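What follows is a single structure, written as structure tokens, with notes after it.
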Amino acid sequence: MALCAPVCVSPAAAAAAKAKITTFDPPGSIGTYPWRANEDGTIAGFWYDPTDQRNKGFLRAADGTITSFDHPESKVTAAYGIDNDGIATGYYSVDAGNHPGFLRETNGTLDIFHAPGDDNGTYPNAISNKGAVVGTYYDYYSTPHGFLRKASGKIVTFDVKNDTYGTNALDLNESNVVTGHWGSDDGLVHGFVRAAKGKITSFDAGNGALGTFPQAIDGAGDVVGYSLDQNYAAHGFKRAADGTITPLDIKNAIATFVTGINDAGDIVGYYEDSNFASHGFVRSAFGKIQTFEVPGAVATFPNSINKKGLITGWWMDSAENYHGFLRQ
73 MALCAPVCVS PAAAAAAKAK ITTFDPPGSI GTYPWRANED GTIAGFWYDP
123 TDQRNKGFLR AADGTITSFD HPESKVTAAY GIDNDGIATG YYSVDAGNHP
173 GFLRETNGTL DIFHAPGDDN GTYPNAISNK GAVVGTYYDY YSTPHGFLRK
223 ASGKIVTFDV KNDTYGTNAL DLNESNVVTG HWGSDDGLVH GFVRAAKGKI
273 TSFDAGNGAL GTFPQAIDGA GDVVGYSLDQ NYAAHGFKRA ADGTITPLDI
323 KNAIATFVTG INDAGDIVGY YEDSNFASHG FVRSAFGKIQ TFEVPGAVAT
373 FPNSINKKGL ITGWWMDSAE NYHGFLRQ
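Using the numbering used here, the letters of the sequence shown map in sequence onto residues 73 to 400.
The structure is reproduced here in structure tokens:
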């Protein structure tokens, strides 16, 4: 994160002073799940169409226009990432074991790919602005493995050493540094960071943590996510590139889930209060925390924050239907 004069503010801090929340759904949706937004404010995600009982991908442009898409043979199409050129990535499902990954070009074409060794699905989770895609694929035994698909189309697969229960790759930055989690033979889950040249560093976010679940990484190599303690309560964390881990818990919360970070160092997530209700929060790069919720929501779940401080995620109404939102 770049240094600046005392008058400088992060995108999240600037947005907090005049934050506006907009809710949205593709027509007919009873479940809308926005995942990520690019720098222009285009959001990628997926939604449930009750008319044919299928999940479909969508892109929501900054002007509010929503484009739904799916593979014609699919039962499920889901977009999880989008770059600044408007190219989205995700997967679609045809039948058991047949779950290809895709890149959706701006003209609507789906470029399909499989990770080597994919017998039970390729699941892209994020795309960089240089066109690299990271995700998880499942082998014949349904064991997960990480993959990195470079902009050239070359796919590199990887695993954390001694990962008895597999490796899941969830996010990457512009330098192709990857984060995710893996399972050891004692049943515990650990976080990892994979350097661009392939070196993997494993870590745990707390003493005695039953599980460490990184969710996102920024340009500086800082990783955020959450861990589970001995009582299975969730606690947020930030792991700096030098390995320093900072706890990130909301005061009086019974659980804190950190889900996203941008290159300015602004962090988002959600927490549960004593009544088990979920609320959103944003933490500026300077440590100021602001909580929020979508008006009328029973629960609010922020999922990511882009470079300009736009937050997107979903919220639940009293009928337990889910809708998309953006906060900027």
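All C-beta atoms in this analysis are idealised placements derived from N, C-alpha and C, irrespective of residue type, glycine included.
A quick note: this is a predicted structure, and the numbers were derived from the prediction, not measured.
{"Query": "In DSSP terms, what F364 is bridged to", "Result": "G352"}
{"Query": "DSSP three-state assignment for S390, whether helix, strand or coil", "Result": "coil"}
{"Query": "Through-space distance from A160 to N179, alpha-carbon basis", "Result": "11 Å"}
{"Query": "Three-state secondary structure assigned by DSSP to I322", "Result": "coil"}
{"Query": "Whole-angstrom distance between H307 and A329, CA atom to CA atom", "Result": "The displayed chain sequence assigns Phe, not Ala, to residue 329. Computed Cα separation, rounded: 6 Å."}
{"Query": "N- and C-terminal bounds of the beta strand (DSSP E) containing Q125", "Result": "Element bounds for Q125: n/a, residue is neither H nor E."}
{"Query": "Cross-strand partners of Y105 (DSSP beta bridge)", "Result": "F118"}
{"Query": "Per-residue burial, A58 [other beta carbons within 10 Å of its own, 16 or more giving buried]", "Result": "With the chain represented from 73 up to 400, any question about residue 58 goes unanswered, as that position is not in the structure."}
{"Query": "Inter-residue Cα distance where the pair is P78 and G359", "Result": "Note that P78 scores 36 on pLDDT, short of 50, meaning its location in the model is unreliable; the coordinates nonetheless yield the value given after this. In a straight line, the C-alpha of P78 is about 14 Å away from that of G359."}
{"Query": "Three-way DSSP call (helix, strand, coil) for A77 in this model", "Result": "Low confidence applies here, because A77 scores a pLDDT of 36, under 50, leaving its location unreliable; read the following figure in that light. Looking at A77 - three-state DSSP - the assignment turns out to be coil, as it is neither helix nor strand."}
{"Query": "Proximity winner among G396, F397, A268 and I333, relative to G381 (alpha-carbon distances)", "Result": "I333"}
{"Query": "Neighbour-count burial assignment, I154, 16 or more Cβ in a 10 Å radius", "Result": "buried"}
{"Query": "Chain-order list of residues whose beta-carbon lies under 6 Å from that of R399 (same chain, five-residue window excluded)", "Result": "A91, I93 and I383"}
{"Query": "Simplified DSSP assignment, three categories, for L398", "Result": "strand"}
{"Query": "Distance between D112 and E246 (C-alpha atoms, nearest Å)", "Result": "17 Å"}
{"Query": "Those residues which DSSP pairs with D183 across a bridge", "Result": "L175"}
{"Query": "Reduced DSSP category for T236 - H, G, I as helix; E, B as strand; rest coil", "Result": "coil"}
{"Query": "Sequence-distant residues of the same chain with beta carbon closer than 7 Å to D321, five excluded per side", "Result": "H307, G308 and T328"}
{"Query": "Separation of N393 from Q287, as counted between CA atoms", "Result": "24 Å"}
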